[in-house]
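J.:
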Amino acid sequence: KAGGTIENPARVRQLRMTIAQILTVEHEQKLGIGKAKPEAKKPKGKKAKTEP
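Be aware that the sequence shown starts at 274, since it is given in our numbering, and climbs by one per residue.
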């Protein structure tokens, strides 16, 4: 675009915040702090009944 106009200025702010979040998580991982990775969810199904 001519004049360097931005199509969606709000998108720039959103992208900057997303980048900051990613960098924060990377930094926390290097330091060994922050939330631990959630364990893989086990499939929820009917439990098999064991008959005696």
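Every residue, glycine too, gets a C-beta built ideally from N, C-alpha and C. Only a predicted model underlies this, so the values are computations on that prediction, with no experimental measurement involved.
So for G277, helix, strand or coil by DSSP?
T.: G277: helix per DSSP, three-state reduction.
J.: Using beta-carbon positions only, say whether G307 and V298 come within less than 8 Å of one another.
T.: Contact: yes.
J.: Could you give the distance in angstroms between the alpha-carbon of M290 and the alpha-carbon of N281?
T.: Approximately 15 Å between the Cα atoms of the pair.
J.: Can G285 and I292 be called in contact, C-beta distance under 8 Å?
T.: In the sequence on display, residue 285 carries Val and not Gly. No; because the gap between Cβ atoms is not below 8 Å, this pair is not in contact.
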